[in-house]
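Undergrad:
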Amino acid sequence: MITTSSPPTGTTTAPPPPTSEGIHLEGVTKAFRSGGEVVQAVAGVDLSIAPGEVVAVLGPNGAGKTTTLDMVLGLTEPTSGRITSFGAAPRRAVHEGRVSAVLQTGGLLRDLTARETVRYIASTFPDHEPVEEVLQRAGLADKADRLVSKLSGGEQQRLRFALALLPDPDLLVLDEPTAGMDVAARREFWRTMHEDATNGRTVLFATHYLEEADHFADRIVMMAGGRVVADGTTEQIRARASGRTVSADVRRGDVDAAVERLRGLTGTATVTANGERVTAIGEDSDALARTLLVELGGTNLEVTTASLDAAFVAITGEESR
Amino acid sequence: MNPTLIGLELKRYCRDYVGLFFIAVLPAFMYVVFGAAQTFGKADIGRGNVSLYVMISMAVYGAVTATVSVGGSAAVERMQGWGRQLGLTPLRDVSYVGTKAVLAMVIACIPIALIYAIGLATGAKGDTWVWFATAGITLFAACLFSLYGLIFGLALKSESAVGAASGSLVVFAFLGNIFIPLSGLMLTIAKFTPLYGIVSLARYPLTEGYSVDMAGELTHEAMWVPLVNVGVWTLILGLLTIHLVRRGRDRQ
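Chains A and B supply the protein sequences, listed in that same order.
Residues 2 to 322 in our numbering are what the first sequence lists, from first letter to last.
Residues 5 to 256 in our numbering are what the second sequence lists, from first letter to last.
The structure is reproduced here in structure tokens:
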């Protein structure tokens with residue numbers, strides 16, 4: 002603690018210590034025992050999220066997204082490592098209402114109405130936003146008296162969103178909030194989110210829709226195989242994908258040498274091999290193509306513009322191997 | 005205790021008409037058929053008549069069915085994701101269990117009140133204190149059995165758990181000397197089954213331990229027999245619950 006150096010009456014202009022605001026993960030791992038096997042769901046994650054940031058956690062199924070978010074929410078304990086949430090243990094931040102979440106599908110009582118569900122959860126908080134206001138903001142005012150079992154998937158998701166708004170949280174965690182929704186429902190859900198959640202609130206959401214990450218987040222954290230494989234602003238991530246994908250067949254014995262050679266070229270982001278096919282993503286597609294054809298004797302050359310999708314697959318696919 | 009939670013939980017159960025039928029209406033109906041409508045109903049037994057004896061039995065069955073269904077559905081809904089939702093609130097586990105316990109008590113009162121009211125109107129007779137004592141023991145016994153529902157819920161993890169728990173209760177009710185008076189070997193077996201102890205204890209203020217079997221023979225049983233039965237089964241249910249809760253926690 003730094004207490005002795007600060008003047009007793011002075012108003013400090015220095016920013017607060019970095020760990021007292023936002024979310025910090027240090028060397029966090031989580032292993033499950035499943036049958037006789039130990040599954041390493043999260044294999045070492047370091048991550049800091051500043052207040053006000055809107056962060057998307059992007060990754061394929063089994064990347065460790067849900068487990069990581071569960072630990073941030075204090076629903077499970079990390080096997081090793083440390084998490085601080087607004088300067089406290091995750092559970093405490095949740096109990097104080099500073100952190101709340103929209104969980105993946107499941108977890109509503111089907112025989113309560115929407116309003117009763119909100120009243121139920123509201124009654125557990127000493128202070129909360131008014132029930133009617135929260136229903137209004139989640140766009141459920143006209144469906145409040147309907148039983149949960151009679152609500153559509155999208156409406157149930159908005160009900161979970163209403164529950165998350167109750168404590169007026171500083172951080173809102175959304176775990177694949179639009180999974181299983183059709184395109185229209187997804188758009189409608191994000192429209193509601195935009196209107197309400199973004200003003201000054203920190204938002205952390207997991208998704209495997211690139212489009213959602215791109216439209217909604219300021220920053221994208223890509224996960225694969227339980228690790229963070231890329232972390233940057235959406236612009237930085239997109240820039241990483243601005244290169245082209247060049248692929249060609251080489252003789253089987255030359256594959257490893259070819260991968261090495263291509264990795265050595267400047268501006269090459271990733272190189273992967275699948276059987277005889279070598280695929281490289283990089284800024285200078287001409288140089289990649291020339292090397293493959295002339296130097297390495299490649300055949301069946303193909304050059305494509307790398308989409309965000311392709312970069313995603315390349316980054317996550319390689320790292321999880 | 006949180007009155008909003010208790011109120012809303014009660015509302016949920018009152019919406020479940022099918023459940024309420026099995027909890028309250030069916031045992032009441034069985035009392036009318038096997039107790040009130042029978043000619044032997046007016047025969048004296050201990051501090052009351054046979055109608056009162058059948059009434060207590062059916063009230064035990066109804067009350068136990070009620071608490072088993074509360075316990076079972078609590079376990080299932082918690083594991084199907086509602087537990088995660090509650091994990092995001094300041095609600096403590098103790099308050100949650102307390103809410104469900106109050107709920108189980110209130111729901112268990114429904115069949116007891118209904119069957120005792122019908123009994124009063126259709127000629128069940130006994131000392132006044134016997135009515136209250138048997139109702140109290142029934143309520144206490146039913147609370148123990150919420151663990152039975154909890155175990156089925158924790159073990160099966162699906163909506164069918166509540167059905168399986170209530171279904172197996174019917175079997176144990178027959179084996180436990182609740183629906184029909186057993187004798188001989190069946191009665192000996194009955195003494196080891198879970199419902200035997202609590203129903204014998206609930207009837208004790210009326211019968212003082214005496215019972216008449218199908219052959220019309222009078223037998224007496226010391227109070228320690230049902231007490232040991234209840235003690236052992238409470239221990240078994242308690243240990244099983246702890247084991248299953250721990251197993252569930254490891255899997256998280």
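Just so it is clear, CB atoms sit at the ideal spot from N, CA and C, and this is done for glycine as well.
(1) What residues are listed by DSSP as bridge partners for residue 300/A?
(2) For residue 222/A and residue 48/A, which I take to be in contact (beta-carbon distance under 8 Å), what is that distance rounded to the nearest angstrom?
(3) Examine chain B for any beta-carbon lying closer than 7 Å to the beta-carbon of residue 102/A, and answer yes or no.
(4) Should residue 50/A go down as buried or exposed, given a rule of 16 or more other Cβ atoms within 10 Å for buried?
(5) Would DSSP call residue 208/B helix, strand or coil?
(6) If the cut is a Cβ gap below 7 Å, which residues of chain B does residue 210/A touch?
(7) Can you tell me which of 170/A, 182/A, 132/A puts its alpha carbon nearest to the alpha carbon of residue 156/A?
(8) Following the continuous beta strand (DSSP E) through residue 211/A, name the residue where it begins and the one where it ends.
(9) Contact criterion: CB-CB distance below 7 Å. Does residue 124/A meet it with respect to chain B?
(10) Do residue 150/B and residue 75/B count as a contact pair if the criterion is CB distance below 7 Å?
(11) Are the CB atoms of residue 39/B and residue 55/B within a distance shorter than 7 Å?
(12) My guess is that residue 227/B and residue 213/B are in contact by the Cβ rule of under 8 Å, so how many angstroms apart are they, rounded?
(13) Counting contacts by CB-CB distance shorter than 7 Å, is residue 8/B in contact with chain A?
(14) Is residue 169/B helix, strand or coil by DSSP?
(15) Taking Cβ-Cβ distances below 7 Å as the criterion, which residues of the stretch 93-109 of chain B are in contact with chain A?
(16) Can you pull the chain B neighbours of residue 134/A, defined as C-beta to C-beta under 8 Å?
(17) DSSP puts residue 130/B in a beta bridge; with which residues?
(18) Are residue 27/A and residue 93/A closer than 7 Å when you measure CB to CB?
(19) Would you tell me roughly how many angstroms separate the C-alpha atoms of residue 86/A and residue 219/A, rounded to the nearest one?
(20) Assign residue 124/B to buried or exposed, taking buried as 16 or more other Cβ atoms, counted over all protein chains shown, within 10 Å of its Cβ.
(21) How should residue 297/A be labelled, buried or exposed, when 16 other C-beta atoms within 10 angstroms of its C-beta is the threshold for buried?
(22) Since residue 88/B meets chain A, which of its residues come closer than 7 Å, beta carbon to beta carbon?
(23) With C-beta atoms as the reference, is residue 229/A less than 7 Å away from residue 46/A?
(24) Please classify residue 181/B as buried or exposed, where buried requires at least 16 other C-beta atoms within 10 Å of its C-beta.
(25) Please report how far the alpha carbon of residue 173/A lies from the alpha carbon of residue 72/A, in whole angstroms.
(26) Would you kindly check if the distance between the Cβ of residue 141/B and the Cβ of residue 206/B is under 7 Å?
(27) Just curious, the beta strand (DSSP E) that residue 175/A is in, first and last residue?
(28) Report buried or exposed for residue 245/A, applying the criterion of at least 16 other Cβ atoms within 10 angstroms of its Cβ.
(29) Among the residues of its own chain, which have a CB less than 7 Å from the CB of residue 251/A, if the five just before and after it don't count?
(30) Per the DSSP calculation, residue 29/A is bridged to which residue(s)?
(31) Can you check which of these residues, 225/B, 34/B, 238/B, 50/B, is closest to residue 122/B by C-alpha distance?
(32) With a threshold of 6 Å on Cβ separation, who are the neighbours of residue 1/A within its own chain once the five nearest residues in sequence on each side are excluded?
(33) Taking the C-alpha atoms as reference points, what is the distance between residue 63/A and residue 210/A?
(34) Have a look at residue 178/B and residue 46/B and give me their C-alpha separation to the nearest angstrom.
(35) Where does the unbroken beta strand (DSSP E) through residue 59/A begin, and where does it stop?
(36) Beta carbon of residue 103/A, beta carbon of residue 175/A: below 7 Å?
TA: Quick look at the numbers:
(1) Answer is 250/A.
(2) With a Cβ gap of about 7 Å, residue 222/A and residue 48/A count as contacting.
(3) With 7 Å as the cut-off, residue 102/A counts as an interface residue toward chain B.
(4) The Cβ neighbour count for residue 50/A, taken over all protein chains shown within 10 Å, is at least 16; the residue is labelled buried.
(5) Residue 208/B carries a helical assignment under DSSP once its states are collapsed to helix, strand and coil.
(6) Neighbours of residue 210/A on chain B: none; closest Cβ ~22 Å, over 7 Å.
(7) The residue with the shortest Cα to Cα distance from residue 156/A is 182/A.
(8) From DSSP, residue 211/A is part of no beta strand (DSSP E) but of the alpha helix (DSSP H) over 211-217.
(9) So, interface residue.
(10) Cβ distance < 7 Å, so residue 75/B and residue 150/B count as in contact.
(11) Note that the C-beta distance between residue 55/B and residue 39/B is below 7 Å.
(12) About 6 Å; that satisfies the 8 Å criterion.
(13) Yes - at least one Cβ of chain A is within 7 Å of the one on residue 8/B.
(14) Collapsing the DSSP output to three states places residue 169/B in a helix.
(15) When CB distances to chain A are screened at a threshold of 7 Å, the residues of the stretch 93-109 of chain B falling below it are 93, 94, 95, in chain order.
(16) None at all; the shortest Cβ gap to chain B is about 17 Å.
(17) Paired residues: 52/B.
(18) Their beta carbons are not under 7 Å apart, which means residue 27/A does not touch residue 93/A by this criterion.
(19) Looking at the two C-alpha atoms, the distance is approximately 20 Å.
(20) With fewer than 16 neighbouring CB atoms inside 10 Å of its own CB, residue 124/B falls in the exposed class.
(21) It counts as buried.
(22) Residues of chain A with a Cβ closer than 7 Å to the Cβ of residue 88/B are, in chain order, 76, 104, 108.
(23) Contact annotation: residue 229/A and residue 46/A have beta-carbon atoms nearer than 7 Å.
(24) Label assigned to residue 181/B: buried.
(25) Answer to the nearest angstrom: the Cα atoms are 14 Å apart.
(26) Yes, the Cβ-Cβ distance between residue 206/B and residue 141/B is below 7 Å.
(27) Run containing residue 175/A: 172-176, per the beta strand (DSSP E) assignment.
(28) Buried, by the Cβ-count rule.
(29) For residue 251/A, same chain residues with a beta-carbon under 7 Å away, outside a window of 5 residues either side, are 259, 277, 279, 297, 298, 299 in chain order.
(30) Note: residue 29/A is bridge-paired with 46/A in the DSSP secondary-structure output.
(31) The residue with the shortest Cα to Cα distance from residue 122/B is 34/B.
(32) Shown here, chain A extends from 2 to 322; a query on residue 1/A therefore has no answer.
(33) For residue 63/A and residue 210/A, the distance between alpha carbons rounds to 15 Å.
(34) Spanning the two alpha carbons is a distance of roughly 23 Å.
(35) Bounds of the beta strand (DSSP E) holding residue 59/A are 55-59.
(36) The answer is yes: Cβ separation under 7 Å.
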